[in-house]
Amino acid sequence: MRVLLLGFGAVGKAFLHLVEGQREDLRRRYGLTPRLVGVVDSKGAAISNQGLEPDKILEVKEKEGTVGALPHHGQTRTDEGLIEECRADIVIEATPTSMTNPEPALRRLQAAFRTGKHVVSVNKGPLAVALPALLELCDYNQVAFRFSGTVGGGTPMLPWAMECMRGDEVVRIQAILNGTTNYILSEMEEKGASYASALAEAQKLGYAESDPAADVDGIDAATKLVILANHVLGKPARLDDIHIEGIRDIQLEPEGNTRMKLIAEIGKDLRVTPQRIPADSPLNVGGSLNAITLTLKTSGEVTLVGRGAGGPETATAILRDWLDIWLTHPNQRERGSH
Ligand SMILES: NC(=O)c1ccc[n+]([C@@H]2O[C@H](COP(=O)([O-])OP(=O)(O)OC[C@H]3O[C@@H](n4cnc5c(N)ncnc54)[C@H](OP(=O)(O)O)[C@@H]3O)[C@@H](O)[C@H]2O)c1
């Protein structure tokens, strides 16, 4: 199966390492033989319909800073025309998420669908603004679209929630969807740290960006909540539908046996707000962990906990989605392994 990889940073590189490490296993267990036909970064692209050598791609990125410098196959173009022209079966979208502008990723997803390519995306930006339209477009073009790495990183929150819904009904979702804010709140409450020093520590550990606004203002969690609402509950929600309060100005006073958490919630309405939860709640996870509790009509509460981010972890979500497409999409299996 021919793959075009958009974005070659922490997640993109981890994905290439993961696939190469499992190449023999993928062939033996699933009959899948991956062929990398293109990689695009911010400065250029390397494209070969015959296939690129992953070691050479990693080497040229390391030495020259862009895959566009690859001899014979490198180029400086990065526009969506590349996606239309490339003879890939599947496109992996792993370019940076922008909360304010879903482009150019949105145009690229549309170009992939229009030209009959399956897509796995870990970039949540375009999904937050246009998920219902994207799902319609991929149905129309009879291709598959998976995005399990956009919520929970490698922790399979979306597929798990879908599985929980079979034969039951989700009546409420409560979740901790942002590891940075969970780390900051845990440090403040458990170690008495100030907001500023907990944030500085989160940045030192690589949990928080140098501009932490999307995390601490609750936008990142709200974006993931939009994806959960659309995908799991079929609610055509958008970011504007969510009441959002972040933790930037939070003051913590100890209050009984409770812990302060940034909770993303779908109940009567959609909200991301700092809330106190009982200390013995399964949602009371420490450090940068993520957690999600579904309240099911018949089975009651079920909770999934795991790391919400990390390059290698998120790369496993991409491979999981890819295998899901390979194993379940009849058109793809009929075309065979290229
Ligand atoms: N890292 C995580 O833990 C994690 C978890 C879940 C989801 N995600 C999502 O995964 C995506 C990638 O994250 P990351 O951590 O790998 O980011 P990253 O390390 O910053 O890498 C981003 C890659 O995208 C490339 N890029 C930037 N603008 C581009 C453009 N216009 N066209 C083509 N390529 C472009 C960059 O090129 P250069 O190399 O030239 O700069 C870089 O290779 C993001 O959407 C993120 O939200 C990440």
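Just so we're aligned: the sequence shown equals residues 21 to 358 in my numbering. Virtual Cβ for every residue (Gly too), placed ideally from N, Cα, C.
Practice task
Using DSSP bridges, identify the partner residues of Glu321.
Solution key: Thr315
Handout entry: Start and end residues, alpha helix (DSSP H) containing Leu362
Key = Only positions 21 to 358 of the chain appear in this structure, which leaves residue 362 out of reach.
Exercise for the section: Mind checking which residues open and close the beta strand (DSSP E) that includes Gly58? Expected result: Arg55 to Val60
Handout entry: For His251, the three-state DSSP class (helix, strand or coil)
Key = helix
Practice task
Report buried or exposed for Tyr160, applying the criterion of at least 16 other Cβ atoms within 10 angstroms of its Cβ.
Solution key: exposed
Practice task
Note down, in chain order, each residue of its chain lying with its Cβ closer than 8 Å to the Cβ of Arg55, except the 5 sequence neighbours on either side.
Solution key: Met21, Arg22, Val23, Gly71 and His358
Practice task
Return the CA-CA distance between Ser141 and Pro256, expressed in angstroms with no decimal places.
Solution key: 19 Å
Handout entry: Per DSSP, cross-strand counterpart(s) of Phe133
Key = Beta-bridge pairing links Phe133 to no other residue.
Exercise for the section: May I ask you to check if the CB of Gln339 is nearer than 7 Å to at least one heavy atom of ligand 1? Expected result: Reading the sequence as shown, one finds Leu at residue 339 and not Gln. Checking every heavy atom of ligand 1 against the Cβ of Leu339, none is found closer than 7 Å.
Handout entry: heavy atom of ligand 1 below 7 Å from Leu26 C-beta
Key = yes
Practice task
Helix, strand or coil for Ser214, going by three-state DSSP, please let me know.
Solution key: coil
Exercise for the section: Look at Thr323 and Val31 and say whether their C-beta atoms are less than 8 Å apart. Expected result: no
Handout entry: Span of the beta strand (DSSP E), counted from its first residue to its last, around Glu372
Key = Coverage of the chain is limited to positions 21 through 358, which leaves residue 372 absent and any answer about it impossible.
Exercise for the section: Pull up the CB-CB distance for Leu282 and Leu245, whole angstroms please, since I reckon it's below 8 Å. Expected result: Not quite, the Cβ-Cβ distance comes to about 11 Å (not below 8 Å), so this is no contact.
Problem - Entirely enclosed beta strand (DSSP E) segments - the region 108-182, minimum 3 residues - result: 110-113 and 138-141
Problem - C-beta contact flag for Ala216 and Glu207 at 8 Å - result: no
Handout entry: Minimum Cβ-Cβ distance from Gly276 to chain C less than 8 Å
Key = Among the protein chains of the structure shown there is no chain C, as only one such chain exists.
Handout entry: Proximity of Ala131 and Ile112 at Cβ, strictly below 8 Å
Key = no
Problem - Opening and closing residue of the beta strand (DSSP E) in which Val236 lies - result: That residue, Val236, is in no beta strand (DSSP E); its alpha helix (DSSP H) goes Ala233 to Val236.
Practice task
Give the single residue among Gly276, His263, Gly58 and Asn304 whose Cα lies nearest to the Cα of Glu285.
Solution key: His263
Problem - Proximity test, Asp61 beta-carbon vs ligand 1 heavy atom, cut-off 7 Å - result: yes
Exercise for the section: Using only the heavy atoms of ligand 1, determine whether one of them is closer than 7 Å to the beta carbon of Asn143. Expected result: yes
Exercise for the section: Check whether the Cβ of Gly330 sits closer than 7 Å to any heavy atom of ligand 1, and report yes or no. Expected result: yes
Problem - Whole-angstrom distance between Leu157 and Leu253, CA atom to CA atom - result: 19 Å
Problem - beta-carbon Thr96 near ligand 1 non-hydrogen atom, thresh 7 Å - result: no
Problem - Among Pro176, Lys76, Ala329 and Gly58, the one whose alpha carbon lies nearest that of Asn69 - result: Gly58
Exercise for the section: List the endpoints of the continuous alpha helix (DSSP H) containing Thr336. Expected result: Gly331 to Thr348
Exercise for the section: Would you check whether ligand 1 has a heavy atom nearer than 7 Å to the C-beta of Thr117? Expected result: yes
Handout entry: Alpha-carbon to alpha-carbon, Leu225 and Thr96
Key = 34 Å
Problem - CA nearest to the CA of Gly29, picked from Ala242, Pro332, Asp344 and Gly328 - result: Pro332
Problem - Nearest residue (CA-CA) to Asp99, options Gly64, Leu205 and Gly276 - result: Gly64
Exercise for the section: Give a yes or no on contact between the region 34-46 and the region 336-344, applying the rule of three or more CB pairs nearer than 8 Å. Expected result: yes
Handout entry: Where the alpha helix (DSSP H) containing Arg49 begins and where it ends
Key = Arg43 to Tyr50
Practice task
Measure the CB-CB distance between Asn143 and Ala181 and report whether it falls below 8 Å.
Solution key: no
Handout entry: Environment of Asn277 [buried if 16+ CB atoms lie within 10 Å]
Key = exposed
Practice task
Determine the burial state of Pro91: buried for a count of at least 16 other Cβ atoms within 10 Å of its Cβ, exposed for fewer.
Solution key: exposed
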